[in-house]
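Once you know that position 215 of the sequence shown is 215 in the UniProt record's numbering, the rest is easy, because the numbers rise by one and skip nothing.
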Amino acid sequence: MVAIACCFSGLPTPSIRPQGLVGHFPNLHCPSLKFAHLRTNFNTPMATTPFQVSASSSSSTIDEEKEVASSGRVGANDLLIVGPGVLGRLVAQKWREEHPGCEIHGQTMTVDHHEELSKVGINPCLKGTKTTHKFPYVIFCAPPSRTSDYPGDVRLAALNWNGEGSFLFTSSSAPYDCNDNGPCDEDAASLSVAILKKRLRNRILLGCDNHPLSRQEVMDLVTKSGKFSGVFEAFTGTTDPLGKRLNNSKTREEIGWEPKYPSFSQFLESI
1 MVAIACCFSG
11 LPTPSIRPQG
21 LVGHFPNLHC
31 PSLKFAHLRT
41 NFNTPMATTP
51 FQVSASSSSS
61 TIDEEKEVAS
71 SGRVGANDLL
81 IVGPGVLGRL
91 VAQKWREEHP
101 GCEIHGQTMT
111 VDHHEELSKV
121 GINPCLKGTK
131 TTHKFPYVIF
141 CAPPSRTSDY
151 PGDVRLAALN
161 WNGEGSFLFT
171 SSSAPYDCND
181 NGPCDEDAAS
191 LSVAILKKRL
201 RNRILLGCDN
211 HPLSRQEVMD
221 LVTKSGKFSG
231 VFEAFTGTTD
241 PLGKRLNNSK
251 TREEIGWEPK
261 YPSFSQFLES
271 I
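So this is what it looks like as C-alpha cells:
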C-alpha cells in the first residue's frame with residue numbers, strides 16, 4: 001500500500017471565509033488540496049475477454065449493457081477514473097497524452113454528464129456497474145458529499161483494480177491556478193499522473209510548494225498585488241488549529257515533479 005497526502009502548504013483547509021472576499025476577489029480561491037495513493041499487493045492476471053457492463057441508476061431509468069473496450073481486452077495502460085469531474089478530466093487528458101492508445105473509463109453516480117464524458121473520450125459507466133475485467137490503473141476522484149459510505153466507495157473502487165499498475169485516491173484541498181472563477185486542478189492532475197506512472201508501494205508522499213503561508217499572509221499578498229478590486233476587511237474567526245507547515249523535498253526528488261507555481265506570490269504575479 002502507498003499512501004500519498006498532497007497538500008499545497010500555503011493554504012491550510014479553511015472553515016472560515018474572509019469578510020469582503022467573495023465578490024471582490026472573484027479569481028482567488030483558498031481551498032486546500034489532498035490526495036492519497038493506495039497500492040496493494042494482489043496480482044490478478046489481465047483479462048482477455050471483452051469488457052461488458054450492466055448498469056442501472058436510481059436517478060434515471062437507464063439500464064444498459066454494452067461492450068466498452070474496443071480492443072476486446074484490457075490494455076496495459078487503460079485507466080478507470082472514479083468520479084471524473086474537473087480533476088478526473090484533466091487527469092484523463094494528461095494520461096492520454098502519455099498513452100495515446102489507451103482506453104479511459106469514467107465511473108459516475110448518475111448519467112447526467114455521460115454525454116459530456118463521451119465527447120472528451122472518456123467511456124462513461126454508472127457506479128455499481130458489473131465488469132468482466134479489472135483495470136491496471138485506477139484513480140478515485142469522487143467527493144464524499146455525494147455518498148453516505150465514502151470508505152465503502154473507495155473499497156469498491158479498489159475492486160476494479162487488477163494490482164498491476166497503481167490505485168490513486170485523491171481528495172480536495174489547495175490548488176492555486178485558477179481563471180474565470182472556475183475550479184483549478186492542473187497541478188493536482190500532473191502530480192496524479194506522475195504518481196500513477198511510478199507504480200510505488202508502501203510509501204507516503206506529499207505534494208506542496210514548500211512556501212507555507214498563514215491565511216493572513218495570503219491576504220496580505222493579495223492586497224499588495226494590486227490585482228483585485230475591493231478591500232479585505234477581516235476573517236470571520238475560526239476555532240481550527242493553525243495547520244501544518246509542509247515540506248515535500250523528498251517527494252519532489254523521488255517523483256520528479258514541481259508545482260506549476262513555485263509559490264503563491266509567483267502565482268499572483270502571473271495573473
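Heads up, the beta-carbon is just placed ideally off N, CA and C, and yes, glycines get one too.
Does the separation of the CB atoms of ILE122 and SER166 fall below 8 Å? Translated into the one-based positions of the sequence shown, residue 122 becomes position 122. Translated into the one-based positions of the sequence shown, residue 166 becomes position 166. No; because the gap between Cβ atoms is not below 8 Å, this pair is not in contact.
Sequence-distant residues of its chain with Cβ nearer than 6 Å to SER265 (five each side left out): Position 265 of the sequence shown, counted from the start, is the residue given in the question as residue 265. For SER265, where only same-chain residues beyond five positions count, the Cβ hits under 6 Å are LEU221.
What's the C-alpha gap between PRO136 and GLU258? The sequence position of residue 136 within the sequence shown is 136, counting from 1. The sequence position of residue 258 within the sequence shown is 258, counting from 1. Taking the straight line from one Cα to the other gives about 26 Å.
How would you write the range of the beta strand (DSSP E) that TYR150 sits in, first residue to last? Walking along the sequence shown from the start, residue 150 turns up at place 150. Premise fails: TYR150 lies in the alpha helix (DSSP H), 150-158, not in any beta strand (DSSP E).
Beta-carbon within less than 7 Å of SER225's beta-carbon, same chain only, minus the 5 sequence neighbours each way: which residues are those? Indexing the sequence shown from 1 puts residue 225 at position 225. LEU268, listed in sequence order.
Residues near LYS94 in its chain [Cβ-Cβ closer than 6 Å; skip 5 each side]: As a first step, residue 94 must be located in the sequence shown, where it is residue number 94. Same-chain partners within the cutoff: ALA189, VAL193.
LEU168 versus ARG252: straight-line alpha-carbon distance, rounded: Reading the sequence shown from its first residue, position 168 is the one you call residue 168. Reading the sequence shown from its first residue, position 252 is the one you call residue 252. Rounded to whole angstroms, LEU168 to ARG252 spans 17 Å at the Cα level.
State buried or exposed for ARG155, treating a residue as buried only when at least 16 other CB atoms are found within 10 Å of its CB. Position 155 of the sequence shown, counted from the start, is the residue given in the question as residue 155. Flag for ARG155 reads exposed.
Output yes or no for whether 8 Å exceeds the beta carbon distance between LYS134 and MET109. Counting from one through the sequence shown, the residue named residue 134 turns up at place 134. Counting from one through the sequence shown, the residue named residue 109 turns up at place 109. For LYS134 and MET109, no; Cβs fall outside 8 Å.
Rounding to the nearest angstrom, what Cα-Cα distance links THR236 and ARG215 in this structure? In the sequence shown, the residue the question calls residue 236 occupies position 236. In the sequence shown, the residue the question calls residue 215 occupies position 215. In a straight line, the C-alpha of THR236 is about 12 Å away from that of ARG215.
Three-state secondary structure (DSSP) at TRP257? For this step, residue 257 is matched to residue 257 along the sequence shown. Residue state, collapsed to three classes: coil.
Find the nearest neighbour of LYS260 within the set GLY85, ASN210, ARG203, judged by alpha-carbon distance. Locating residue 260 in the sequence shown gives position 260, where the first residue counts as 1. Cα-wise, what sits closest to LYS260 is ASN210.
Assuming CYS125 and GLY83 form a contact by the criterion Cβ under 8 Å, report the distance between their Cβ atoms to the nearest whole angstrom. If you number the sequence shown from 1, residue 125 lands on position 125. If you number the sequence shown from 1, residue 83 lands on position 83. That belief does not hold up - the Cβ atoms of CYS125 and GLY83 are roughly 12 Å apart, past 8 Å.
How about residue 272 and LEU246: are their beta carbons less than 8 Å apart? Because the chain in this structure spans residues 1 to 271, residue 272 falls outside the shown range and cannot be described.
Would ILE81 and ILE104 qualify as a contact pair, given that the criterion is a beta-carbon distance under 8 Å? By 1-based counting over the sequence shown, the position of residue 81 is 81. By 1-based counting over the sequence shown, the position of residue 104 is 104. Yes, the Cβ-Cβ distance between ILE81 and ILE104 is below 8 Å.
Since GLY106 is in the beta strand (DSSP E), which residue starts that stretch and which ends it? Looking up residue 106 in the sequence shown gives position 106. Run containing GLY106: 104-108, per the beta strand (DSSP E) assignment.
Expected contact under 8 Å - CB spacing of ASN77 and HIS99 to nearest Å: Here residue 77 is taken as the residue at index 77 of the sequence shown, counted from 1. Here residue 99 is taken as the residue at index 99 of the sequence shown, counted from 1. Between HIS99 and ASN77 the Cβ distance is about 4 Å, and since that is below 8 Å, they are a contact.
Rounded C-alpha distance that separates PHE228 from LEU117: On the sequence shown, position 228 is the one that residue 228 refers to. On the sequence shown, position 117 is the one that residue 117 refers to. Their Cα atoms are separated by approximately 34 Å.
Burial state of VAL91 (16 or more Cβ within 10 Å): Position 91 of the sequence shown, counted from the first residue, corresponds to residue 91. Buried: at least 16 other Cβ atoms inside 10 Å.
Given a cut-off of 8 Å on the beta-carbon distance, is the pair ILE255 and LYS198 in contact? Position 255 of the sequence shown, counted from the start, is the residue given in the question as residue 255. Position 198 of the sequence shown, counted from the start, is the residue given in the question as residue 198. Cβ distance < 8 Å, so ILE255 and LYS198 count as in contact.
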